[in-house]
Every structure is written in C-alpha cells, then in structure tokens.
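Beneath this line is the structure, given in structure tokens, with notes to follow.
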Amino acid sequence: MVSIARKNLFHDKIRFAVALAGISFAVVLITVQLGVYLAFRSNVSVLIDHTEADIWITAHGLENFDFGRPFSEKKRYEVAEVPGVAWAEKYFLGFGYWKTPGGSQETVQMVGFDPETMVGAPWSIVKGNPQDVKYFNSIFYDEAETNRLGNLPIGSETEINNHRVRVAGIVSGARSFIQSPYIFTSFKNALNLSFINKGNTVYVLVKVAPGYSVKDVQRRIRETVKDVDVYTSPDFSKKTQDYWMINTGTGVALLAVALMGVVIGTVIVANTIYTSTTEHLKEFGTLKAIGASNWDLYVIIIEQALINSVIGFAVGMAISYLVIQAMKKGHLPVLLAPPVLVGIFVLTVLMCLWSSVLSISKVTRIDPAMVFKS
Amino acid sequence: MTSIATKTVLRLAHVSKTYGEGESSVEAVHDVSMDLDAGKFIFLMGPSGSGKTTLLMLMGCLLRPTTGSVHIFDEAVSSLAESSLPRVRRSRIGYIFQGFNLFPALTALENVEATLNLKGCRGAEGRAEARNLLERVGLAKRMHHLPEDLSGGEKQRVAVARALAGNPPIILADEPTGMLDSKTGRLISEILRDLAHEEGRLVFMVSHDSRITALADQIFNIEDGCLQDGSRQ
Chain A
1 MVSIARKNLF HDKIRFAVAL AGISFAVVLI TVQLGVYLAF RSNVSVLIDH TEADIWITAH
61 GLENFDFGRP FSEKKRYEVA EVPGVAWAEK YFLGFGYWKT PGGSQETVQM VGFDPETMVG
121 APWSIVKGNP QDVKYFNSIF YDEAETNRLG NLPIGSETEI NNHRVRVAGI VSGARSFIQS
181 PYIFTSFKNA LNLSFINKGN TVYVLVKVAP GYSVKDVQRR IRETVKDVDV YTSPDFSKKT
241 QDYWMINTGT GVALLAVALM GVVIGTVIVA NTIYTSTTEH LKEFGTLKAI GASNWDLYVI
301 IIEQALINSV IGFAVGMAIS YLVIQAMKKG HLPVLLAPPV LVGIFVLTVL MCLWSSVLSI
361 SKVTRIDPAM VFKS
Chain B
1001 MTSIATKTVL RLAHVSKTYG EGESSVEAVH DVSMDLDAGK FIFLMGPSGS GKTTLLMLMG
1061 CLLRPTTGSV HIFDEAVSSL AESSLPRVRR SRIGYIFQGF NLFPALTALE NVEATLNLKG
1121 CRGAEGRAEA RNLLERVGLA KRMHHLPEDL SGGEKQRVAV ARALAGNPPI ILADEPTGML
1181 DSKTGRLISE ILRDLAHEEG RLVFMVSHDS RITALADQIF NIEDGCLQDG SRQ
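Sequence order for the protein chains is A and B.
With the first letter of the first sequence counted as 1, position 193 gets the number 193 in the working numbering; the numbers rise by one all the way through.
Positions in the second sequence are counted from 1; adding 1000 to them yields the working numbering.
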C-alpha cells in the first residue's frame, strides 16, 4: 500500500529534518530533566530508603531528614518496649566542617550508625571494611565526593570540627545531591565529632517484628512515646522528597524545564505539520475530490505525526544517552527506569498527535471543489 | 424517483446553481437538463465564466444544485447526505484536471496505486492494476518517475490512468488539454475518446480547444449558465 504520508514526509527532507530536530530536542530536554528530577527525588531520601528500618522516630516537628534534631536517647528504650518492635537503633545525622588539604572548609553531613548491628550503614562499599568505623574517628565518604573533599586516599587524615579523622574507606551510591557530602562513621564517633551532647540521638530506627503490622506499631509508638514524630519509612522518605522537590521549588524548576521541552516540541511539530498540510492543500483537495473521506485525510496526517514521533524519539533518545553518559562521568546522577522511557515515548506520540490538531481542522474545511477553481 | 433508461449514466433535471444570497447572488447554472449516455465522448464548451466548471462540479457531486436533481444511474446523488458523497465519487467517477493534480512525492505508479488503495484495491493486486492502467495509457517505461521528471503529456496520461482507477463508469475531465501542445492534446483526447467508445464509459470533457471538437460525439455549448440551442447532438 502506498503511504502518501511517508512519501510526502521524506520527499521534503529539509522540512523533515527540522521537524526531527524539534522533536529530538524536546525528547532530550524531557528525558534529561526528568532523569535528573527522578534521581534528585530518589537521592534526597537515599539514606532512608537504604536502611532496613520500617519506622523512623524523629524529634517533634521535623521538616525533613537532612535537618534532624537531637532528642534524648532514652526514647529509644521506651520505643523498644512497645509490643511489635523487633529492635530500635539509634542513628545520627548532623552537620560538620571538613577541612580540605588546601585549608578550605566544606560542610559535611556526618552519618552515625552502630557498627555492631550495621543498621543504617553504607550499602555499597568501594574500598575498606565498614566495620572499621568503630575505630576512633574513622570515616567513609562517597567516591563521587572525592574531588570536593580534597582527594584524600584511604589512610590519610584531615579534620572535622577541628577533630582529627582518618579515611577508612570509600563508598558509592550515597552522594548527597543538594546537601553537603555524607561522611559515614560510627554513632559514637559522630557524636564525638559533633556539637551534640552525649545521651542524645537524632533518629531512632525501628524494625517491626514478624506478624505485626507496621501501621499498628506506628500507632502504638505514637501513643506511648511522647514529644517525637513517628513515620513509616515510605512516609518519611516521601516527606523528605516533597520538602526538597516542592517546598524549595527545586523539583518544580526541573519539571518546568521538562514541560518547556514538551511545549517547544509541540510548537515546532505543529508548525511543521501545519505548514506541510498548507503546502499540500491542493493534494488533499484532490484526494477529497476523488473520493477520500475526511477520515482518510486524518489518517495521512496522523501517520505523519506518528512517523515524526517514532523517529524523533529514537534520535532524541540516542542523543540523551550520550548526554547522560557525560553527566554520569561527572557523577551527576540520572535515573531513568524502563517505565519512564515508555512514558516519554507515549508523551512524544501524544505531543505529535496534539500537533496535528490544527492540520486536521484545516483539511476538514477543505472544499474538494477547490481543485477545479485553481 | 424518476426511472432512468439503462444506457443513461448521468442525468441532470432542471439543475440550477446560485452562489450567494440576495442582491449579490449569482446564478452560475440555469435550468440545465441533460441525459448523458454510456459510451459517449461529450464536450462542454463555452467562454470563461459561462458556468462550465460549475456544471462539471455539479455532475461530480462536488457541488449541490440549488434546484433540480442529479442522478447517476438510478441514484439521486444530489439529495444524498454529505457523508455519502465520497462513496459516490470513489465508485462512480474518475476525474482529470487541467493542472494534472498529481502527488509530487509519488512516482507515476504510486500516484495510480494510491488512488486504487483509496478505492479499496490494495497490496499486490493494487500494484498490478496500477501497472496495467499505466501500460494502457502508454506509460509502461516511465512509471517509476516522479511527476517532476515527466512531460506535460506524460503527466496527463498518469492523470488519465488515475481516473480509470477503480473502473468508474463516468470520467469527468476539466480542460485536460489546456496545458498541452496541440499534438499531445489531440493524443490525450484520442485516449479519452477510446475510453468512451471501446470501454463504454461516459467521458464528459470541458474544453476550449476547437481543434479537437471533431472527436466529440456530442457537444454542449453553455453561455451565462444556460445551455445553448446550437448544441450538437
């Protein structure tokens, strides 16, 4: 079967190239921005999502994970007594000042966990043994932060809050996207390095015993332990993500650029298809005169839109792949799961179909008698 | 419904067409009646603005008469719903335009094949039929060329082959020789005449070209929207 749509599209190569450039540009914008957004969103709660805790207990009124405030460690014992609690572990998060070899200071976030239970420990070790954090002021940092922290190899020393620390290992996958670099150490070391008084913790992590419902245990802890907030892990993760994505406007800004990609793509494709339709008006009129229905003409325009979207998507994805690889080399995380890619493809198709609306409206109004009037 | 003799393919009964309303209205065709038979090569002649094209559009179901009726075989096509007209145009009528109106991105073969596809003849059958039609108009060796690579006469042959797609009983041609030299114009006219005489189609052609009138079986003259008494039967 002869595809008038395909023939017309490929006949005018320059116009086709312009349309493809527009769609590809839109696809790259959407893909990269969405990938950065999703990585950003996932990253801000990366520590919450990688602990095996079911419930997080925080100081009352906490806005998000990164701004943890200390409360009495005694609460941990109260929590441990609540029926359905398998274990309750203390967990530290607090800011510190890291001294680089050049003498400058970097703000870091110290993450303190219990090396005996390893609850809240880094999950991907590049070098070193995470048990070593139990040694005095031994720390791990993420490989993506190497340059920022002064390229300190294992065994080298520096200072946090004017206390000497020793690099014991390197981790990966725990880069703080917008906050200061995470420095992993033992709870005890973290407390020593911080300005927080002993006898406090910043979080209590809870594992629910088998056979108990997380929601029930959460409710019981709320009823039993006062002056703290009690979240399930997914809720706390979402609260933190929403804080950074919505309250700070960062996520909105990223999504706005992605949306701009959709708008730019739609405008370019709409303009291209509409101009093409206008220039082929006589051909559409001829088709109508020889018996084509409006639907036959819509099929031609829709087929053009679909061809544009499929090829534009493929080209856009190829460019996006290169951009993302370059970004990853710079340790800038991009997260794109297959369902997201399918979603972007569907969005591209919808964008191209939407771009056809003007053209469809134009051919609907063609009077087939025009072919005799010219 | 008026009964029409089997030989009559197209019948116009007291057809008038008025454009616009009120004082600014113009009556382009006035009370035209004609019975047009299969196997005839018929000319419609007249000066510019006389109503030739309007009459052709009325015959081709591209315009509705203000009064009167148009019948194709037994079907009163002028009273059909708008949505039914594409079917009539697809199945009953083949058009040939003065400006050829070929699709520039499609080869000669594809131009004919696309029209066949539209009329329901698809796949290998459509391609084979398109080849046949082009061979019939003498374009076997040029069927893979784009219109821009064809001469005027060759383009019009493609247009004739396209008009034959779907085997319509009526061919309506709007000054098909208007953009051709006299020799090529006569050749195209002869092809159209043969389509009428040898294949039993009704070929109705609007023309200004007095050099080819000898080929016509019947000539209608129209002036100011009215058929003239001097029309040759």
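We put the beta carbon where it would ideally sit given N, CA and C, even for glycine.
Output yes if chain B places a C-beta closer than 8 Å to the C-beta of Asn8/A; else output no. Walking along the first sequence from the start, residue 8/A turns up at place 8. Taking 8 Å as the CB threshold, Asn8/A lines the interface with chain B.
Candidates Val85/A, Ser3/A, Glu143/A and Glu78/A, of which the one nearest Tyr212/A by Cα: The residue given as residue 212/A occupies position 212 in the first sequence. Nearest to Tyr212/A by alpha-carbon distance, out of Val85/A, Ser3/A, Glu143/A and Glu78/A, is Val85/A.
Nearest chain A C-beta to Phe1097/B closer than 8 Å, yes or no? In the second sequence, counting from the first residue as 1, residue 1097/B sits at position 97. Answer yes: the Cβ-Cβ gap between Phe1097/B and chain A drops below 8 Å somewhere.
Would a C-beta distance cut-off of 8 Å place Thr240/A and Ile57/A closer than the cut-off? One-based indexing of the first sequence puts residue 240/A at position 240. One-based indexing of the first sequence puts residue 57/A at position 57. No, these two residues do not count as a Cβ contact at 8 Å.
Please list the partners that Lys282/A has in chain B, where partner means a Cβ-to-Cβ separation under 9 Å. Residue mapping note: residue 282/A aligns to position 282 of the first sequence, counting from 1. Per Cβ cutoff of 9 Å: Gly1099 and Asn1101.
Less than 8 Å between the CB atoms is what I'm expecting for Leu1172/B and Ala292/A, so what's the real figure, rounded? Residue 1172/B sits at position 172 when you count from the first residue of the second sequence. Residue 292/A sits at position 292 when you count from the first residue of the first sequence. That belief does not hold up - the Cβ atoms of Leu1172/B and Ala292/A are roughly 17 Å apart, past 8 Å.
Which partner residues does Gln1156/B have in the DSSP bridge list? For the purposes of this step, residue 1156/B is taken as the residue at position 156 of the second sequence. Partner(s): none; Gln1156/B has no beta bridge.
When we look at the beta-carbon of Arg1211/B and count the other beta-carbons within 10 Å, is it buried (16 or more) or exposed? Here the question's residue 1211/B lines up with position 211 in the second sequence. So Arg1211/B counts as exposed.
What residues of chain C sit near Glu1110/B, judged by a beta carbon separation below 8 Å? Here chain C cannot be found, since the structure's protein chains are A and B.
Rounded C-alpha distance that separates Lys329/A from Leu322/A: Translated into positions along the first sequence, residue 329/A becomes position 329. Translated into positions along the first sequence, residue 322/A becomes position 322. Each residue's alpha carbon lies about 11 Å from the other.
Of all Cβ atoms in chain A, is any one closer than 8 Å to the Cβ of Asn1117/B? Here the question's residue 1117/B lines up with position 117 in the second sequence. Answer yes: the Cβ-Cβ gap between Asn1117/B and chain A drops below 8 Å somewhere.
Count the C-beta pairs between the segment 124–142 of chain A and the segment 158–173 of chain A that are closer than 8 Å, then say yes if the count reaches three, no if not. Yes, the segment 124–142 of chain A touches the segment 158–173 of chain A.
At a CB-CB cut-off below 7 Å, which residues of chain B make contact with Thr286/A? For the purposes of this step, residue 286/A is taken as residue 286 along the first sequence, with counting starting at 1. Near Thr286/A (Cβ distances below 7 Å), the residues of chain B are Asn1101.
For Trp98/A, is the classification buried or exposed, using 16 other Cβ atoms within 10 angstroms of its Cβ as the cut-off for buried? As a first step, residue 98/A is located in the first sequence; it is residue number 98 there, counting from the start. By the neighbour-count criterion, in which 16 or more other beta carbons inside 10 Å mark a residue as buried, Trp98/A falls on the buried side.
For the alpha helix (DSSP H) that Val214/A lies in, which residues bound it at each end? Position 214 of the first sequence, counted from the first residue, corresponds to residue 214/A. Residues Val214 to Thr224.
Considering Ser309/A, what are the terminal residues of the beta strand (DSSP E) in which it resides? Counting from 1 along the first sequence, the entry for residue 309/A is found at position 309. For Ser309/A, there is no enclosing beta strand (DSSP E); the residue is found in the alpha helix (DSSP H) stretching over Asn294 to Lys329.
Suppose only complete runs of 4+ residues qualify. What are the alpha helix (DSSP H) ranges in the segment 126–161 of chain A, listed by chain order? If only complete runs of 4 or more residues are kept, the segment 126–161 of chain A shows the alpha helix (DSSP H) at 146–149, in order along the chain.
Look at Val133/A and Asn43/A and say whether their C-beta atoms are less than 8 Å apart. Start at 1 with the first residue of the first sequence, and residue 133/A comes out as number 133. Start at 1 with the first residue of the first sequence, and residue 43/A comes out as number 43. Cβ atoms of Val133/A and Asn43/A: not closer than 8 Å.
Could you tell me whether any Cβ in chain B is nearer than 8 Å to the Cβ of Ala292/A? The residue you call residue 292/A lines up with position 292 of the first sequence. Against chain B, the CB of Ala292/A has a partner CB under 8 Å away; the residue lies at that interface.
Which residues share a DSSP beta bridge with Gln105/A? Here residue 105/A refers to the residue found at position 105 of the first sequence. Beta-bridge pairing links Gln105/A to Lys99/A.
At least one CB of chain A closer than 8 Å to the CB of Met1001/B: is that the case? Here the question's residue 1001/B lines up with position 1 in the second sequence. For Met1001/B, the predicted model reports a pLDDT of 37, less than 50, meaning its position is unreliable; a value from the coordinates is still stated below. Using a Cβ-Cβ cut-off of 8 Å, Met1001/B does not count as an interface residue toward chain A, since no Cβ of chain A sits closer than that to its own.
Touch check for the segment 1198–1214 of chain B and the segment 1174–1184 of chain B: three-plus C-beta pairs under 8 Å? In short, these stretches touch, since the Cβ pair count reaches three.
Would you call the segment 193–210 of chain A in contact with the segment 29–39 of chain A, where contact means no fewer than 3 C-beta pairs closer than 8 Å? They do not touch, by the three-pair rule.
Counting only C-beta atoms, is Val363/A closer than 8 Å to chain B at any point? Translated into the one-based positions of the first sequence, residue 363/A becomes position 363. Cβ-Cβ to chain B under 8 Å: no for Val363/A.
Quickly, what does DSSP pair Ser24/A with across the bridge? List them, please. Here residue 24/A refers to the residue found at position 24 of the first sequence. Under DSSP, no beta-bridge partner is assigned to Ser24/A.
Of all the beta strand (DSSP E) runs that stay within the bounds of the segment 1130–1205 of chain B, which reach a length of 3 or more residues? The segment 1130–1205 of chain B contains these whole beta strand (DSSP E) runs: 1170–1174.
Any C-beta of chain B under 8 Å from that of Asp242/A: Indexing the first sequence from 1 puts residue 242/A at position 242. So no, Asp242/A is outside the interface.
In the DSSP assignment, find the unbroken alpha helix (DSSP H) run with Val357/A in it and report its ends. Numbered from its first residue, the first sequence carries residue 357/A at position 357. Looking at the DSSP string, the run of the alpha helix (DSSP H) that includes Val357/A is Val357 to Thr364.
Label Thr1054/B either buried or exposed according to how many other C-beta atoms from any shown protein chain fall within 10 Å of its C-beta, with 16 as the threshold for buried. Along the second sequence, one-based indexing puts residue 1054/B at 54. Around the beta-carbon of Thr1054/B, 16 or more other beta-carbon atoms lie within 10 Å, marking it buried.
Under 8 Å by Cβ, that's how I've got Val383/A and Gly96/A pegged, so tell me the actual separation to the nearest angstrom. Nothing about residue 383/A can be reported from this structure: the residues present for chain A run from 1 to 374 only.
Considering only the beta carbon of each residue, do Leu1116/B and Ala1130/B sit closer than 8 Å? As a first step, residue 1116/B is located in the second sequence; it is residue number 116 there, counting from the start. As a first step, residue 1130/B is located in the second sequence; it is residue number 130 there, counting from the start. Going by C-beta atoms, Leu1116/B is nearer than 8 Å to Ala1130/B.
Counterpart residues of Phe92/A in DSSP-defined beta bridges: One-based indexing of the first sequence puts residue 92/A at position 92. Gly112/A, per the DSSP bridge assignment.
Cβ pair count under 8 Å reaching 3, the segment 1011–1028 of chain B against the segment 1037–1046 of chain B: Inter-segment contact for the segment 1011–1028 of chain B and the segment 1037–1046 of chain B is absent: fewer than three beta-carbon pairs are separated by less than 8 Å.
Alpha carbon to alpha carbon, how far is Ser186/A from Arg166/A? Along the first sequence, one-based indexing puts residue 186/A at 186. Along the first sequence, one-based indexing puts residue 166/A at 166. Between Ser186/A and Arg166/A, the alpha-carbon positions lie close to 13 Å from each other.
8 Å Cβ cut-off: residues of chain A touching Gly1123/B: Numbered from 1 along the second sequence, position 123 holds the residue referred to as residue 1123/B. The answer, in chain order, is Met1.
Strictly below 8 Å CB to CB, what residues from chain B border Ala369/A? Position 369 of the first sequence, counting from 1, holds the residue named residue 369/A. Taking a Cβ-Cβ cut-off of 8 Å, the neighbours of Ala369/A in chain B comprise Met1057, Leu1062 and Leu1063, given in sequence order.
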